[in-house]
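Read through the structure below, which is laid out as structure tokens, and then see the notes.
Numbering (the numbering used here), first residue to last: 19 to 247.
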């Protein structure tokens with residue numbers, strides 16, 4: 019009789035599991051703080067670099083809020099090449115800050131100081147908006163390339179250290195508005211690739227709508243600039 023040697027299940031060699039690289043431990047709030055810090059430098063210290071931003075957007079916004087200011091011929095009812103919707107959108111943001119400005123009125127005794135406060139407050143709000151959009155993009159890229167950290171950290175480095183993004187984030191221009199929606203659209207597309215079953219249809223709808231908004235905004239800006247030149 020042949021003796022059969024019993025083999026314990028514990029003695030069976032299991033395939034070796036490769037150690038996974040640790041995921042990035044940086045939180046979303048920390049990423050937002052890093053990006054926002056760089057964008058606030060541009061909002062508070064960088065001067066306006068585009069004359070179109072002054073005469074086509076800041077002056078009409080000043081006229082809408084305070085009743086005085088220059089107006090380019092594109093806004094004239096005779097030609098009506100530019101819409102006031104973009105101006106009214108930011109005027110509503112400024113009006114939402116009126117309670118805060120009222121609390122700061124003892125520190126802002128003159129009209130010039132109040133206008134200056136409105137100017138910087140709006141630029142800070144625009145910087146916060148772009149920082150939120152780019153933070154969402156970073157988180158989507160990290161989920162897409164998990165557990166690899168290189169891609170997401172490279173995206174964070176470019177978003178935080180890019181001088182062009184620092185200038186554009188607080189600019190009162192439709193192209194900056196389109197830039198934020200492009201970041202949101204890219205984030206939605208990354209989420210679509212990451213999880214097709216759970217969020218595929220919603221991410222596809224979001225990315226399609228956001229891409230259309232960003233492209234249309236940039237197209238309207240380009241056509242307005244070409245007509246003015």
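Virtual Cβ for every residue (Gly too), placed ideally from N, Cα, C. These numbers were taken from a predicted model, which means no experiment stands behind them.
Taken atom to atom, the span from the alpha-carbon of residue 132 to that of residue 206 is near 39 Å. When secondary structure is reduced to three states using DSSP, residue 65 falls in the coil class, being assigned neither helix nor strand.
Of all C-beta pairs linking the region 171–185 to the region 112–125, fewer than three are shorter than 8 Å, placing the two stretches out of contact. The beta-carbon distance between residue 142 and residue 48, rounded to whole angstroms, is 20 Å. This is too long to meet the 8 Å contact definition. About 15 Å separates the beta carbons of residue 196 and residue 68, which is beyond the 8 Å limit, so they are not a contact pair.
Considering only 96, 166, 86, 64, the residue with the shortest C-alpha distance to residue 183 is 64.
Scanning 84, 117, 169, 171 for the CA closest to the CA of residue 106 turns up 84. For residue 130, the number of other beta carbons within 10 angstroms of its own is below 16, and it is reported as exposed. Distance from the CA of residue 153 to the CA of residue 165, rounded to the nearest whole angstrom, comes to 18 Å.
For residue 128, the three-state secondary structure derived from DSSP is coil. Closest by C-alpha distance to residue 185, out of 50, 145, 160, 211, is 145.
Between residue 109 and residue 157, the C-beta spacing is not below 8 Å. Nearest Cα to residue 116 within the set 98, 95, 140: 140. Within the same chain, 186 come within 6 Å of residue 194 by CB-CB distance, once the 5 residues on both sides are set aside.
At a cut-off of 4 residues, the continuous stretches assigned as alpha helix (DSSP H) that sit fully inside the region 129–171 are 129–162. For residue 91, the number of other beta carbons within 10 angstroms of its own is below 16, and it is reported as exposed. When the alpha-carbon of residue 55 is set against those of 181, 201, 210, the nearest one is in 181. For residue 72, no alpha helix (DSSP H) encloses it, and the DSSP letter there is neither H nor E.
If the five residues before and after residue 169 are omitted, its C-beta is found closer than 7 Å to the C-beta atoms of 159, 163, all from its own chain and listed in chain order.
Rounded to whole angstroms, residue 104 and residue 161 show a C-alpha spacing of 34 Å. Secondary structure of residue 59 (DSSP, three-state): helix. Looking at the backbone, the Cα of residue 99 and that of residue 203 are separated by about 28 Å. Taking residue 201 as the centre and dropping the five residues before and after it, the same chain places the C-beta of 148, 151, 152, 154, 155 closer than 8 Å to its C-beta, in chain order. Rounded to whole angstroms, the gap between the alpha carbons of residue 192 and residue 120 is 29 Å.
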